[in-house]
Amino acid sequence: MVFFCQNNQWAISEPTTNQTKIPLYRRASGFGFPGVRVDGNDVLACLAVTRWALDHARSGNGPVLIEAFTYRMGAHTTSDDPTRYRPSEETEAWKAKDPISRLKAHLEKEGLADEEFFAAVDAESEQLGLRVREGVRSMPDPDPTLIFDHVYAEPHALVDEERAEYVEYAASFEAGENL
Numbered sequence: 037m038v039f040f041c042q043n044n045q046w047a048i049s050e051p052t053t054n055q056t057k058i059p060l061y062r063r064a065s066g067f068g069f070p071g072v073r074v075d076g077n078d079v080l081a082c083l084a085v086t087r088w089a090l091d092h093a094r095s096g097n098g099p100v101l102i103e104a105f106t107y108r109m110g111a112h113t114t115s116d117d118p119t120r121y122r123p124s125e126e127t128e129a130w131k132a133k134d135p136i137s138r139l140k141a142h143l144e145k146e147g148l149a150d151e152e153f154f155a156a157v158d159a160e161s162e163q164l165g166l167r168v169r170e171g172v173r174s175m176p177d178p179d180p181t182l183i184f185d186h187v188y189a190e191p192h193a194l195v196d197e198e199r200a201e202y203v204e205y206a207a208s209f210e211a212g213e214n215l
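Position 166 of the sequence shown, counting from 1, maps to 202 under the numbering used here, and the rest follow consecutively.
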């Protein structure tokens with residue numbers, strides 16, 4: 037298994053440095069497997085590290101945690117105002133590291149892509165986005181009790197109790213008790 041953590045440096049309006057005293061990738065060692073930090077704004081570096089991690093895991097060497105270190109450019113939620121807790125200079129500095137712009141510049145510089153290529157990629161991605169959104173919207177709702185499955189490797193009495201409480205609660209709506 038490969039765990040891929042996009043670390044955008046913010047936990048709502050708190051920097052991750054207030055949440056943990058060590059870099060996130062180092063937490064993997066506490067579970068006995070390797071962790072690595074990669075520049076999350078470097079598409080080619082992310083690709084290389086992810087390929088290595090997948091090869092590591094597929095070869096039977098156990099899991100890997102990848103921490104892609106990046107930056108959350110926008111607000112966390114519609115009610116969040118990041119200008120209250122982040123200096124504008126910091127955000128501006130990260131704008132220059134935009135991964136899509138960086139990759140586009142690299143491909144153009146190396147003569148590997150031109151405007152026609154990028155227009156085709158944009159059109160294809162728009163169509164893919166439409167298909168994915170339509171597919172997701174047409175999916176049936178999952179059974180809500182599935183959330184209680186696989187919480188632990190073995191059955192657990194507390195989880196069983198919580199499932200039973202939820203089933204009873206949900207049934208009360210069907211019976212019209214909570215309407």
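Where is the CB? At the ideal position from N, CA and C, for every residue including glycine.
Original post:
CA-CA distance, residue 62 and residue 75?
Top reply: Answer to the nearest angstrom: the Cα atoms are 15 Å apart.
**OP:** On a CA-only basis, which of 60, 79, 78 is nearest residue 72? Give me that one, please.
**Re:** Comparing alpha carbon positions, the residue from 60, 79, 78 closest to residue 72 is 60.
Original post:
Beta-carbon separation of residue 117 and residue 48 under 8 Å?
Top reply: The answer is no: Cβ separation not under 8 Å.
**OP:** Measure the beta-carbon distance from residue 100 to residue 38 and round it to whole angstroms, keeping in mind my assumption that it falls under 8 Å.
**Re:** About 5 Å separates the two Cβ atoms, so the contact holds.
Original post:
In the DSSP assignment, what are the bridge partners of residue 62?
Top reply: Answer is none; residue 62 lacks a bridge partner.
Original post:
Going along the chain, which residues of its own chain have a beta-carbon closer than 7 Å to the beta-carbon of residue 130, five neighbours each way excluded?
Top reply: 107, 109
Subject >> For residue 126, three-class secondary structure by DSSP >> reply: helix
**OP:** Taking the CB atoms as reference points, tell me whether residue 43 and residue 138 lie closer together than 8 Å.
**Re:** no
Subject >> Local Cβ density within 10 Å of residue 105, reported as buried at 16 or more and exposed below that >> reply: buried
**OP:** Within 10 angstroms of the Cβ of residue 211, are there 16 or more other Cβ atoms? Answer buried if so, exposed if not.
**Re:** exposed
Original post:
Thinking just about the alpha-carbon of each residue, which of 147, 125, 150, 98 is nearest to the one in residue 67?
Top reply: 98
**OP:** Output the boundary residues of the alpha helix (DSSP H) element that contains residue 164.
**Re:** 151-173
Original post:
What number of angstroms, rounded off, separates the C-alpha of residue 128 from the C-alpha of residue 134?
Top reply: Approximately 10 Å, taken between the alpha carbons.
Original post:
What did DSSP end up calling residue 69 once you bin it into helix, strand or coil?
Top reply: coil
Subject >> Candidates 119, 201, 102, 65: closest to residue 83 by CA position >> reply: 102
Original post:
Beta-carbon of residue 204 versus every beta-carbon of chain D: anything under 8 Å?
Top reply: As a matter of chain content, chain D is missing from the structure shown, which is built from one protein chain.
Original post:
Any idea if residue 200 is buried or exposed, counting beta-carbon neighbours within 10 angstroms, 16 or more meaning buried?
Top reply: Classification of residue 200: exposed, given that the 10 Å Cβ count is below 16.
**OP:** Starting from the C-beta of residue 184, find all residues in its chain whose C-beta is less than 7 Å away, skip the five residues before and the five after it, and write them out in chain order.
**Re:** Excluding residues within five positions, the ones whose Cβ falls inside 7 Å are 195, 198, 199.
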